[in-house]
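Peer 1: Numbering (my numbering), first residue to last: 1 to 608.
Glycine included, each C-beta is placed from N, C-alpha and C at the ideal position.
The structure follows.
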Amino acid sequence: MKKQIGFAVPVLTLCLVFSFVLAERATALGLLKVDARNPRYFSDGTGKIIFLNAHTGCPFVYQDGWGMVSAPSASQLVADKVNFCRSWTWDNSRWSDSAVNGVQSNGLIRPLVFRRTGPGNALDGGLKFDLTQFDQNYFDTLRNGLVYADNNGIYVSIMLFQGYSGNMSGPWIGHYLNAANNINGINGDTNNDGDGAEIFSQNSAAVTGIQESVAKKMVDSFNDLDNIIWEVANEGPASSGPWQNHMADVIKKYESNKPKQHPVLISAYSPDASALFSGPADAIAPGASSWESSADPYAADPPPTDGSKVVILDTDHIGFTIWRDLELSMQWIWKSFTRGYNLNYQEMSGNAAAKAGGYTALYANKMNLAEMTPRGDLSSTGYALANPGVEYLVFLPGGGGAAVDLIGASGSFSVEWMNPWTGSTVSGSSVAGGGAVSFSPPFIGDAVLYLKSSSKSQSSNVCYLLDSSANIPAGFGASYNVFSSARELLLKAFCDSSAVAGNQGNSLPYFDVSFPVGNNSSNQYIYNQGYFWTGVSWSPFTFSCSNPVSNSWCVGSASYIKQMNSTELSGVNFYVAYICNWDGSSWKCGCRDSTCSINYWQLQAFKK
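Structure (structure tokens):
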């Protein structure tokens with residue numbers, strides 16, 4: 001049982017002398033960064049959330065002879081409203097002595113990252129590789145594809161290494177780290193068993209050095225592009241976790257001295273996803289514990305995301321042939337979307353399931369996704385994204401009815417139904433908040449329900465000034481989660497974009513400013529009293545919360561709305577809150593860093 005909170009809230013101190021930098025940039029797609037407001041997603045530097053709706057293969061980034069025939073056309077990606085794909089790479093020039101994946105034994109994969117200069121021939125009959133000379137044709141070909149993708153609104157993960165090329169005896173005969181294939185005396189098969197799995201282990205400094213040189217060449221070649229994510233490897237062996245984490249760290253450190261820093265993705269290498277969640281990657285793509293099983297949790301009922309990482313559910317790592325079942329595919333897409341995942345689906349291009357993926361993208365852009373979190377507890381179906389009191393998106397697998405908890409939500413809500421098979425929408429009669437409401441779709445079968453407040457603004461602008469990149473003012477705790485690698489923002493501020501003239505005798509225009517606090521974790525308590533700085537003193541206010549644990553504490557989330565006139569919002573304002581996180585053995589409260597040796601009020605600054 002969780003320990004009950006018992007401590008004194010610290011005396012409020014004042015220290016508002018600090019500096020911060022607000023960076024602004026505007027490009028075609030925008031450089032991706034884990035969103036501080038909702039770290040389940042990336043944002044593009046303008047505040048826009050980027051929900052990744054993807055296909056596994058990029059048709060315009062390829063190596064001749066690779067045999068990957070499942071990639072759709074570029075026009076099909078656009079038609080499916082896909083905004084992301086993976087650029088597959090191969091590190092082997094040949095598959096085996098027989099046809100594999102449609103590639104005959106005399107068909108070579110080219111170009112590879114290194115030049116084939118000789119002297120001497122490799123096992124495939126071509127010249128041996130020189131691991132000190134990169135093949136610029138590889139990088140030029142890749143760049144052409146990346147620029148094409150950017151021009152078509154598509155982000156691309158650059159796959160640096162191919163696990164399949166090294167951990168099986170067939171492809172290994174064509175790998176440039178096979179000692180028989182290079183002139184540099186580099187032997188990736190350190191135990192000489194005919195398999196190259198050891199190249200993903202760091203047990204050879206020479207091999208790791210070559211791999212680090214590849215990663216750095218990639219950064220040097222493509223750092224100027226905004227539409228990229230670094231993917232360390234595809235399907236490395238189960239033991240490759242430490243090596244993948246090392247390569248992620250190498251990329252991050254090397255790119256830290258470059259003009260741009262891009263996210264790093266590590267995809268599934270073991271059925272146990274816990275190491276992915278605790279690792280250094282910004283985004284992860286976990287795999288099934290039972291591959292090719294429609295009963296596996298990631299296939300049948302994806303667990304809600306907790307906001308600690310950007311999580312991409314990739315059917316290639318769950319078992320792509322099971323998605324030939326269109327009903328399973330379509331329901332999986334909507335279950336995953338309403339549980340907070342980004343999507344990457346293989347073997348679905350152009351079919352009804354891919355179109356369903358496109359419909360999720362429509363709602364991702366329609367909603368204020370920065371404030372939407374998985375709230376299956378608010379729907380009898382268990383599948384819902386919600387910003388309680390403002391908007392709700394509910395999936396009804398199989399149709400039937402659904403009850404939605406609108407307790408604590410005031411005013412009326414518009415009702416929209418969508419058929420996820422056709423994309424057609426039907427408006428329903430508005431409903432009133434304040435209690436549980438039952439709904440029945442106007443058609444048979446799977447259904448999507450969208451509720452939107454008729455009275456609350458949906459166009460709130462980000463107006464907070466402190467995130468994980470800003471200096472923490474002396475004497476205050478962090479506005480973000482110091483215990484998460486994502487460092488998601490816990491204290492936020494949103495200023496409505498439209499002003500109302502006059503309020504309670506005040507002739508100046510005023511705005512509703514909302515202050516959501518917390519990240520919806522059940523292991524997080526929020527003290528229900530906060531303070532605003534008036535310019536002279538601290539003024540108390542009381543948060544509201546849907547999950548009170550006592551008269552003084554909220555669980556997971558709390559919020560407050562303050563009316564401020566245009567003059568008040570023209571300068572920098574401040575508010576503080578007090579948040580506690582349970583680390584498994586004790587409560588850590590009001591933290592400034594992960595040591596949390598002193599309890600502080602946590603500060604957020606905001607300005608219209």
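Take the Cβ of residue 493 as the centre, count every other Cβ of all protein chains shown within 10 Å, and call the residue buried at 16 or more, exposed below.
Peer 2: Answer is buried; the Cβ neighbour count reaches 16.
Peer 1: Given a cut-off of 9 Å, decide if residue 597 and residue 614 are closer than it, judged by their beta-carbon atoms.
Peer 2: The chain is shown from 1 up to 608; residue 614 falls before or after that span and cannot be answered.
Peer 1: Buried or exposed for residue 438, going by 16 or more other Cβ atoms inside 10 Å?
Peer 2: Residue 438 should be labelled exposed.
Peer 1: Who are residue 273's beta bridge partners in DSSP?
Peer 2: For residue 273, which the question treats as bridged, DSSP gives no partner whatsoever.
Peer 1: Kindly indicate which residue of 156, 111 and 127 has the alpha-carbon position closest to the one of residue 656.
Peer 2: For the chain, the structure presents residues 1 to 608; residue 656 sits outside this window and is missing.
Peer 1: What separation, rounded to the nearest whole angstrom, lies between the Cα atoms of residue 465 and residue 606?
Peer 2: Distance between the alpha carbons of residue 465 and residue 606: 5 Å.
Peer 1: Quick one: what does DSSP say residue 143 is sitting in, helix, strand or coil?
Peer 2: Helix.
Peer 1: For residue 216, which residues from the same chain have a beta carbon less than 8 Å from its beta carbon, with the 5 sequence-adjacent residues on both sides left out?
Peer 2: Once the five neighbours on either side are set aside, the close Cβ partners of residue 216 are 250 and 254.
Peer 1: When you compare the CB positions of residue 37 and residue 470, do they come within less than 9 Å of one another, or not?
Peer 2: For residue 37 and residue 470, no; Cβs fall outside 9 Å.
Peer 1: What separation, rounded to the nearest whole angstrom, lies between the Cα atoms of residue 24 and residue 64?
Peer 2: Only weak support is given to the placement of residue 24: the predicted model assigns it a pLDDT of 29, under 50, and the value that follows is read from those uncertain coordinates. Taking the straight line from one Cα to the other gives about 40 Å.
Peer 1: On the criterion of 16 or more Cβ atoms from any shown chain inside 10 Å, does residue 191 qualify as buried, or is it exposed?
Peer 2: Label assigned to residue 191: exposed.
Peer 1: How about residue 231 and residue 86: do their beta carbons lie closer than 9 Å?
Peer 2: Yes, the pair counts as a contact, with Cβ atoms nearer than the cut-off.
Peer 1: Can you give the Cα-Cα distance for residue 319 and residue 35, rounded to whole angstroms?
Peer 2: The straight-line gap from Cα to Cα measures roughly 29 Å.
Peer 1: Quick one: any contact between the segment 409–421 and the segment 365–382, if contact means 3 or more CB pairs under 8 Å?
Peer 2: The segment 409–421, when compared against the segment 365–382, does not touch it at the 8 Å Cβ threshold.
Peer 1: Suppose only complete runs of 4+ residues qualify. What are the alpha helix (DSSP H) ranges in the segment 168–226, listed by chain order?
Peer 2: Listed in chain order, they are 169–172 and 205–222.
Peer 1: Looking at the secondary structure, which residues open and close the alpha helix (DSSP H) in which residue 568 lies?
Peer 2: 566–569 is the span of the alpha helix (DSSP H), which, as asked, contains residue 568.
Peer 1: Just grab the DSSP bridge partners of residue 418 for me.
Peer 2: Its beta-bridge partners are 425 and 448.
Peer 1: Do residue 40 and residue 404 come within 9 Å of each other at the CB atom, strictly closer than that value?
Peer 2: Their beta carbons are not under 9 Å apart, which means residue 404 does not touch residue 40 by this criterion.
Peer 1: Using only alpha-carbon positions, find the residue among 259, 286, 258 and 256 that is nearest to residue 265.
Peer 2: Comparing Cα positions, the closest option is 286.
Peer 1: Cutting at 6 Å between CB atoms, please list the residues of its own chain near residue 557, excluding the five before and the five after it.
Peer 2: So the qualifying residues of the chain are 518 and 520.
Peer 1: So, at 7 Å on beta carbons, what are the nonlocal neighbours of residue 481 in its own chain, with the 5 sequence-adjacent residues on each side left out?
Peer 2: The answer, listed in chain order, is 487, 488, 490 and 519.
Peer 1: Out of 302, 573 and 559, point me to the one whose CA is closest to residue 335's CA.
Peer 2: Considering only alpha carbons, the answer is 302.
Peer 1: Using a Cβ-Cβ cut-off of 6 Å (strictly less than) and excluding sequence neighbours within five positions of residue 353, which residues of its own chain qualify?
Peer 2: Hits under 6 Å: 326, 329 and 330.
Peer 1: How about residue 409 and residue 433: do their beta carbons lie closer than 9 Å?
Peer 2: Yes, the pair counts as a contact, with Cβ atoms nearer than the cut-off.
Peer 1: Rounded to the nearest angstrom, how far is the Cβ of residue 130 from that of residue 183, given a contact under 8 Å?
Peer 2: About 6 Å; that satisfies the 8 Å criterion.
Peer 1: Which same chain residues end up closer than 6 Å to residue 669 when comparing Cβ atoms and leaving out the 5 residues on each side of it in sequence?
Peer 2: Residue 669 lies beyond the range of the chain shown here (1 to 608); nothing can be said about it.
Peer 1: In three-state terms, what does DSSP make of residue 413?
Peer 2: Strand, per DSSP.
Peer 1: Tell me whether residue 602 is buried or exposed, calling it buried when 16 or more other Cβ atoms sit within 10 Å of its Cβ.
Peer 2: Flag for residue 602 reads buried.
Peer 1: Rounded to whole angstroms, how far is the Cβ of residue 233 from the Cβ of residue 162, which I believe are closer than 8 Å?
Peer 2: With a Cβ gap of about 7 Å, residue 233 and residue 162 count as contacting.
Peer 1: Got a sec, what are the start and stop residues for the beta strand (DSSP E) residue 582 sits in?
Peer 2: Counting along the chain, the beta strand (DSSP E) containing residue 582 begins and ends at 579–582.
Peer 1: Between the alpha carbons of residue 461 and residue 386, how many angstroms are there, rounded?
Peer 2: Rounded to whole angstroms, residue 461 to residue 386 spans 18 Å at the Cα level.
Peer 1: Determine the contact status of residue 314 and residue 395, defining contact as a CB-CB distance below 9 Å.
Peer 2: No, the Cβ-Cβ distance between residue 314 and residue 395 is not below 9 Å.
Peer 1: Report the three-state DSSP secondary structure of residue 330 (helix, strand or coil).
Peer 2: Three-state result, residue 330: helix.
Peer 1: Need the endpoints of the beta strand (DSSP E) that residue 120 sits in, please.
Peer 2: It spans 114–121 - the beta strand (DSSP E) in which residue 120 sits, taken as one unbroken run.
Peer 1: Going by alpha carbons, who is nearest to residue 473 out of 550, 543 and 600?
Peer 2: Selected option, being the one with the closest Cα: 600.
Peer 1: Measure the CB-CB distance between residue 154 and residue 227 and report whether it falls below 9 Å.
Peer 2: Cβ atoms of residue 154 and residue 227: closer than 9 Å.
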